[in-house]
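Participant: Supplied in structure tokens, the structure appears directly below.
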Amino acid sequence: MSLSAACAAFVVLPSGSGTATRGRRSVTGRRAPLRWPPFGRRPRAAGTLHRLRCGLQRKQEQQQQQQEQNEQVEQPWEAAPQTSTDQWRSLAQSGSEQRSTSPEPVVPLRSLRERLDAVQRQQSPNESVPEERRRPLWRRLLHDERWSDLRIFLGSFIIATAVRTFVVEPRYIPSLSMFPTFHVGDQLLVEKVSHRFGRAYRAGDVVVFQPPEALAQMQAARAAAKQKPSASPLMVVVKPRQEQLEAMIKRIVAVGGDTIQVRGGQVLVNGVALDEPYVLEEPDYEWGPVRVPPGHLVVLGDNRSNSMDSHIWGSLPEHNVIGRALVRYWPPNRVGGIEH
């Protein structure tokens with residue numbers, strides 16, 4: 001059976017004489033009367049079958065054409081070793097034409113999203129950016145649960161630094177200049193608030209202070225005297241700076257405007273001997289009388305004969321004072337306030 005015969009539809013229609021018909025013409029040669037559609041409705045079985053067969057045929061033809069094209073593309077390259085130079089050139093040109101007609105490279109999805117976001121921001125910047133991203137960075141860190149540990153650490157660090165700088169800080173005793181009030185290794189809390197709120201320094205207060213300029217110069221001269229002379233012009237003597245010296249702790253015995261004198265083992269302030277129960281032994285030196293300049297203090301160690309204090313380097317400016325010793329918290333058997 002041929003292809004045209006397979007695609008044709010055979011419809012049998014009843015005639016008026018009862019003879020079988022093929023197509024529109026009967027076997028006897030006379031045209032049979034048509035009754036369409038028979039029995040009042042149109043038969044669709046033959047038309048549907050025809051469409052399915054034709055569609056299947058077209059699909060098979062397309063697949064066959066595609067297979068032939070692929071074979072034509074691959075076959076010349078397989079026979080390439082037997083071709084001549086001119087054939088090689090023609091094959092190369094045909095291959096370049098085929099490569100030029102290849103589809104464009106696929107653009108990554110991420111780049112497409114970025115372009116789309118950029119276009120949306122240009123069109124409506126307030127609506128394209130989420131509310132979470134429009135907030136400042138510090139506010140996002142403040143409300144994000146993932147940064148809770150960091151917030152706790154930073155908050156604790158800031159509070160501790162502020163308290164140590166402006167309120168109170170710990171200090172330890174490095175020497176015996178304040179013995180017997182303090183021993184080596186005692187640890188104290190030094191408060192810095194009372195003087196800022198108007199409390200003036202008084203005689204008897206134990207204060208922690210930065211060494212004055214006079215003491216720094218004395219120590220620099222002493223260090224220079226210990227240096228051995230050298231003939232080398234490259235030798236440089238480095239003088240110690242004031243901020244490199246450790247803080248000191250002493251007791252105030254006189255303030256600005258007072259006259260102080262050490263005589264006969266007693267400390268006289270404005271001609272009156274001080275009652276000092278915290279002193280272990282009397283001083284073995286004579287000093288004064290000296291008038292204390294305004295804004296300055298005279299400080300002495302409780303271990304009077306073994307202390308580098310004002311009787312050696314002079315009065316102390318009040319702005320050098322760091323704070324007032326308030327309480328001793330170590331060792332446990334010596335915890336308590338400080339006698340002023």
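Yeah, the sequence shown ends on 340 if you go by UniProt numbering, and it's all consecutive.
Glycine residues also receive a C-beta, built at the ideal position from the N, C-alpha and C atoms.
Determine whether the beta carbon atoms of P174 and W313 lie at a separation below 8 Å.
Facilitator: Indexing the sequence shown from 1 puts residue 174 at position 174. Indexing the sequence shown from 1 puts residue 313 at position 313. For P174 and W313, no; Cβs fall outside 8 Å.
Participant: Go through its chain and collect everything with a Cβ distance to G257's Cβ below 7 Å, but skip five positions before and after it.
Facilitator: What you label residue 257 is simply residue 257 of the sequence shown in a count that begins at 1. Within the same chain, G257 has close Cβ partners V292, P294.
Participant: Based on the DSSP output, what are the partners of K192 in its beta bridges?
Facilitator: One-based indexing of the sequence shown puts residue 192 at position 192. Bridge partners of K192: none, in fact.
Participant: What residue from P289, A118, P170 has the CA that sits closest to I322's CA?
Facilitator: Along the sequence shown, read from residue 1 onward, the residue named residue 322 stands at position 322. The residue with the shortest Cα to Cα distance from I322 is P170.
Participant: Roughly how far, in whole angstroms, is the beta-carbon of V299 from the beta-carbon of V253, given that I think they are within contact range, below 8 Å?
Facilitator: Position 299 of the sequence shown, counting from 1, holds the residue named residue 299. Position 253 of the sequence shown, counting from 1, holds the residue named residue 253. Contact flag correct, Cβ pair sits at about 7 Å.
Participant: Need the endpoints of the beta strand (DSSP E) that Q266 sits in, please.
Facilitator: Counted from its first residue, the sequence shown places residue 266 at position 266. It spans 266–269 - the beta strand (DSSP E) in which Q266 sits, taken as one unbroken run.
Participant: How long is the line joining the alpha carbons of A220 and M308, rounded to whole angstroms?
Facilitator: Within the sequence shown, the letter at position 220 stands for residue 220. Within the sequence shown, the letter at position 308 stands for residue 308. When rounded, the distance between both Cα atoms is 15 Å.
Participant: Flag this pair as yes or no: are the beta carbons of V168 and L189 separated by less than 8 Å?
Facilitator: As a first step, residue 168 must be located in the sequence shown, where it is residue number 168. As a first step, residue 189 must be located in the sequence shown, where it is residue number 189. Yes, Cβ-Cβ distance for V168 and L189 is below 8 Å.
Participant: In the DSSP assignment, find the alpha helix (DSSP H) that holds M218 and state where it starts and stops.
Facilitator: The residue you call residue 218 lines up with position 218 of the sequence shown. Here the alpha helix (DSSP H) through M218 covers 213–226.
Participant: Using three-state DSSP, classify Q261 as helix, strand or coil.
Facilitator: As a position in the sequence shown, residue 261 is number 261, starting the count at 1. Three-state DSSP puts Q261 in a strand.
Participant: From Y278 to P180, what does the alpha carbon distance come to, in whole angstroms?
Facilitator: Walking along the sequence shown from the start, residue 278 turns up at place 278. Walking along the sequence shown from the start, residue 180 turns up at place 180. Taking the straight line joining both Cα atoms gives about 7 Å.
Participant: Can you tell me the Cβ-Cβ gap for W330 and Q187, rounded? I've got them flagged as a contact below 8 Å.
Facilitator: Residue numbering aside, residue 330 sits at position 330 when the sequence shown is read from its first letter. Residue numbering aside, residue 187 sits at position 187 when the sequence shown is read from its first letter. Between Q187 and W330 the Cβ distance is about 4 Å, and since that is below 8 Å, they are a contact.
Participant: Here's the rule: buried if 16 or more other CB atoms are within 10 angstroms of the residue's CB, otherwise exposed. What is F197?
Facilitator: The residue you call residue 197 lines up with position 197 of the sequence shown. So F197 counts as exposed.
Participant: Looking at the structure shown, is R164 part of a helix, part of a strand, or coil, going by DSSP?
Facilitator: Along the sequence shown, one-based indexing puts residue 164 at 164. Helix at R164.
Participant: Taking 8 Å as the cut-off, decide whether the C-beta atoms of I249 and P289 are in contact.
Facilitator: As a first step, residue 249 must be located in the sequence shown, where it is residue number 249. As a first step, residue 289 must be located in the sequence shown, where it is residue number 289. No, Cβ-Cβ distance for I249 and P289 is not below 8 Å.
Participant: By Cβ distance, which residues of its chain are closer than 7 Å to G185, with the 5 residues on each side in sequence left out?
Facilitator: Position 185 of the sequence shown, counted from the first residue, corresponds to residue 185. Here the set comprises Y172, I173.
Participant: Bridge partners for Y172 per DSSP, in chain order?
Facilitator: Indexing the sequence shown from 1 puts residue 172 at position 172. Beta-bridge pairing links Y172 to Q187.
Participant: Secondary structure at I158, three-state DSSP: helix, strand or coil?
Facilitator: By 1-based counting over the sequence shown, the position of residue 158 is 158. If DSSP states are grouped into helix, strand and coil, I158 belongs with the helices.
Participant: Rounded to whole angstroms, what is the Cα-Cα separation between H296 and P136?
Facilitator: Position 296 of the sequence shown, counted from the start, is the residue given in the question as residue 296. Position 136 of the sequence shown, counted from the start, is the residue given in the question as residue 136. Cα to Cα, the separation comes out at about 50 Å.
Participant: Quick one: grab the DSSP three-state call for R291.
Facilitator: Numbered from its first residue, the sequence shown carries residue 291 at position 291. R291 falls in the strand class under three-state DSSP.
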